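In what follows, a single structure is set out as structure tokens and then discussed.
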Ligand code: NAP
């Protein structure tokens, strides 16, 4: 079977590493991004230079119409999707729950939760010969991220529950649904959360005494 994968948020960080790794394993890859066209193009070019097949598609996966357009583009450009890596996610500046506005909470939940549901829906409806979905959650789901990002942590808790429920719902369709819960990984996400050197600050509390690399998470997702 020709393996065709969508990696949401594939322009940077864990998503970019996953897109590149899966391409080396023979997958045709759709690299989704929201605004960083240059970085997404670099990922696609690198895959092509190594003999792989890839396209970049801009879509805000928190918007239903964008998700539908994204999957229709994959249908026409690569073929019927066989694998999905739900990876796009955001972290907003560190803040206590007592300060959070509804706009902030809804933005995090729309991006980190609604998008995963929508992409799962579109993928499952195309996986009539089976397939696999990996949802990227976070260790924050069990730690709660107090005084920093409880909204983000709660969004990842929802992804754990989505993964459990959906895996049972579609097991008899030969579709596997799993999730990966990385710890502290060296990507640009921490700068978006207001602390670019966050991994450096907390690394002494990590058993390995260092943050994880996007490539290490990519190998786990591929497995
Ligand atoms: P990152 O470097 O900040 O990259 C985020 C990616 O998501 C970018 O490709 C970005 O696209 C894309 N994106 C953001 N909002 C989007 C939207 N609405 N629609 C489409 N794409 C969107 O993030 P990362 O650190 O690699 O994190 C990837 C995943 O791992 C996230 O789900 C995150 O929660 C999870 N995770 C990360 C860590 C960590 O320590 N880094 C730990 C545990 C879990 P643009 O480039 O166009 O902006």
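Residue numbers (our numbering): 983 to 1205. Ideal Cβ placement from N, Cα and C applies to all residues, glycine included. In this text the structure is predicted, and so the values were computed from the model without any measurement.
Decide if the region 1003-1019 is in contact with the region 1082-1090; the criterion is three or more beta carbon pairs, one per stretch, under 8 Å apart.
-> no
Please report the residue range of the alpha helix (DSSP H) in which residue 1097 lies.
-> 1097-1106
Same chain, Cβ closer than 8 Å to residue 1160, neighbours up to 5 away in sequence not counted = 1114, 1115, 1116, 1117, 1145 and 1149
Local conformation of residue 1137 per DSSP, three classes | Helix.
Terminal residues of the continuous alpha helix (DSSP H) containing residue 1172?
-> 1171-1174
Between residue 1198 and the ligand NAP, is the CB less than 7 Å from at least one heavy atom?
-> Distances between the C-beta of residue 1198 and the heavy atoms of the ligand NAP are all 7 Å or more.
Does the Cβ of residue 996 have 16 or more other Cβ atoms within 10 Å, making it buried, or fewer, making it exposed?
-> buried
If you draw a straight line from the alpha carbon of residue 1132 to that of residue 1107, how long is it in whole angstroms?
-> Distance between the alpha carbons of residue 1132 and residue 1107 is about 33 Å.
For residue 1136, is the beta carbon positioned less than 7 Å from some heavy atom of the ligand NAP?
-> no
Nearest to residue 1038 by CA position, among 1055, 1047, 1079 and 1050, is which residue?
-> 1055
Flag residue 1174 as yes when its Cβ comes closer than 7 Å to any non-hydrogen atom of the ligand NAP, and as no otherwise.
-> Look at residue 1174: its beta carbon is less than 7 Å from one of the heavy atoms in the ligand NAP.
Alpha-carbon to alpha-carbon, residue 1137 and residue 1071 = 10 Å
Spatial neighbours of residue 1092 within its chain, please: CB distance less than 8 Å, with the 5 preceding and 5 following residues excluded, ordered by chain position.
-> 1044
Verify whether the separation of the beta carbon atoms of residue 1040 and residue 1002 is less than 8 Å.
-> no
Return yes when the C-beta of residue 1090 is under 7 Å from any heavy atom of the ligand NAP, and no when it is not.
-> Not under cutoff, so the answer is no.
Any heavy atom of the ligand NAP within a distance shorter than 7 Å of the CB on residue 1034?
-> no
Name the DSSP beta bridge partners of residue 1012, please?
-> 988 and 1037
If we count the other Cβ atoms within 10 Å of its Cβ and call it buried at 16 or more, is residue 1058 buried or exposed?
-> exposed
Going by other Cβ atoms of all chains shown within 10 Å of its Cβ, with 16 needed for buried, is residue 1130 buried or exposed?
-> buried
DSSP state of residue 1045 mapped onto helix, strand, coil = coil
Distance between residue 1167 and residue 1186 (C-alpha atoms, nearest Å) = The alpha-carbon atoms of residue 1186 and residue 1167 are separated by roughly 14 Å.
Are residue 994 and residue 1031 close, meaning C-beta to C-beta below 8 Å?
-> no
Determine the direct distance from the alpha carbon of residue 1081 to that of residue 1050, and round the result to whole angstroms.
-> 34 Å
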